[in-house]
Structures are given as C-alpha cells and as structure tokens.
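Chemist:
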Amino acid sequence: MLQFQLPPCEVRSVTKFLNAQGIAPIEIHRQLWQVMSKQMYNTAKGSVDTIDQMARMYTTKRGTRRWPLSVFYTLIDIACINSYTRYIMTFPDWYKKKTNRRRFYLQELGFQLIKPNVEHRAANIIGLQNNIIMSMEAILKKKITKTTQNQQQTSGKGKYPDKGSPMANPVD
C-alpha cells in the first residue's frame with residue numbers, strides 16, 4: 001500500500017493556521033486528509049501511465065466483443081508486468097546490457113508456461129500436421145518420434161472406442 005505523509009513542518013503550519021481560524025480538530029483532520037490525498041493521487045498517477053505504456057508495448061489483447069475476455073487479457077498483461085518487475089528486483093544483473101530484456105523475459109515466460117502441455121501432447125502425435133510437430137520439436141529442443149498405431153491401441157487410447165464403450169455402437 002502506498003503511504004504518503006506531509007512533512008511534520010507542513011502539518012504543524014497547517015494545524016496552526018486552522019487553529020487560528022477557530023476550526024474544530026475533526027475539521028482539521030478532514031482538511032489535512034484532503035490535502036494528503038490530493039498529493040498522494042498526484043504522485044501515483046504517473047505510475048498508472050507507465051503501466052499502461054508497458055502493457056501496450058507487449059500485450060496479449062486481441063480483438064473481442066466480450067468484455068470478460070478483455071478483462072482477462074488486461075489481467076494477464078498486468079500479471080506479466082508484475083512478475084517481470086519482481087524478477088528484475090530479484091536478479092538485477094539479468095541481461096543488464098540489453099535494452100529489450102522485458103521481451104526476452106516474456107518470451108521465456110511463455111515457453112515455460114506452454115512446455116508442460118507440449119510435452120504431454122508430444123506423447124501422441126498421430127494425426128498432427130508436420131508444421132505443428134516441427135513447432136513442438138523447436139519448443140522442446142528434441143526430436144519427436146511417431147508412435148505406431150499398434151502401440152497406440154494397446155495403450156487403451158486408440159482412435160476407435162473399445163467394444164464395451166457406449167460409443168462403440170452408435171444409434172443411427
């Protein structure tokens with residue numbers, strides 16, 4: 001939470017001035033709060049602009065007419081900015097001489113997020129197009145071998161349902 005306080009000399013001078021005017025202590029507190037809140041707002045509004053600028057530079061947003069999806073994209077953008085800031089605070093020397101280290105961070109973050117799903121999908125690549133398989137190999141940095149149809153059926157995850165399953169004999 002952002003905390004902002006007036007310097008003690010300003011608080012004393014404002015309090016003396018308001019006491020001289022005959023204003024009650026509760027009113028003094030309210031007026032001090034108004035002054036402090038305005039100054040706090042003015043000091044914090046620049047950081048909002050910075051966050052907006054950072055989110056626009058590398059964004060996950062896509063054109064959509066659904067507001068929940070737009071809010072979700074905004075949350076992902078802000079979460080990426082927060083995680084980048086925390087990472088840089090923890091490891092300040094990481095790519096220090098690079099001007100676009102945020103791009104490197106976001107790229108690595110994306111790879112780390114999709115890698116478990118790609119590994120799971122690489123276990124059974126039958127029916128996938130070659131360009132998708134090549135992309136999966138580039139992400140995993142290893143060659144993916146195709147399993148044979150016999151190996152797939154013996155594992156119980158075949159293309160066709162088992163004879164005992166409800167989908168084995170569809171009703172016309």
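Quick note on numbering: the UniProt record's numbering labels position 31 of the sequence shown as 31, and the sequence is numbered without any gaps. C-beta atoms are modelled at their ideal positions from N, C-alpha and C, and glycine is treated no differently.
If you draw a straight line from the alpha carbon of Q53 to that of Q31, how long is it in whole angstroms?
Modeler: Translated into the one-based positions of the sequence shown, residue 53 becomes position 53. Translated into the one-based positions of the sequence shown, residue 31 becomes position 31. Rounded to whole angstroms, Q53 to Q31 spans 34 Å at the Cα level.
Chemist: Is the Cβ-Cβ distance between L109 and S83 less than 8 Å?
Modeler: The sequence position of residue 109 within the sequence shown is 109, counting from 1. The sequence position of residue 83 within the sequence shown is 83, counting from 1. Yes, they are a contact pair.
Chemist: Would DSSP call G63 helix, strand or coil?
Modeler: As a working mapping, residue 63 is identified with position 63 in the sequence shown. Coil.
Chemist: What are the boundary residues of the alpha helix (DSSP H) that N131 is part of?
Modeler: Position 131 of the sequence shown, counted from the first residue, corresponds to residue 131. Residues 130-140.
Chemist: Using a Cβ distance threshold of 8 Å, determine whether the region 73-81 contacts the region 57-65, with at least three qualifying pairs required.
Modeler: Yes, they touch.
Chemist: If you draw a straight line from the alpha carbon of W94 to that of N100, how long is it in whole angstroms?
Modeler: Working through the sequence shown from its first residue, we reach residue 94 at position 94. Working through the sequence shown from its first residue, we reach residue 100 at position 100. Each residue's alpha carbon lies about 12 Å from the other.
Chemist: By how many angstroms is the C-alpha of L140 removed from the C-alpha of D49?
Modeler: Indexing the sequence shown from 1 puts residue 49 at position 49. Indexing the sequence shown from 1 puts residue 140 at position 140. Cα to Cα, the separation comes out at about 38 Å.
Chemist: Helix, strand or coil for I126, going by three-state DSSP, please let me know.
Modeler: On the sequence shown, position 126 is the one that residue 126 refers to. Of the three classes helix, strand and coil, the one that applies to I126 here is coil, per DSSP.
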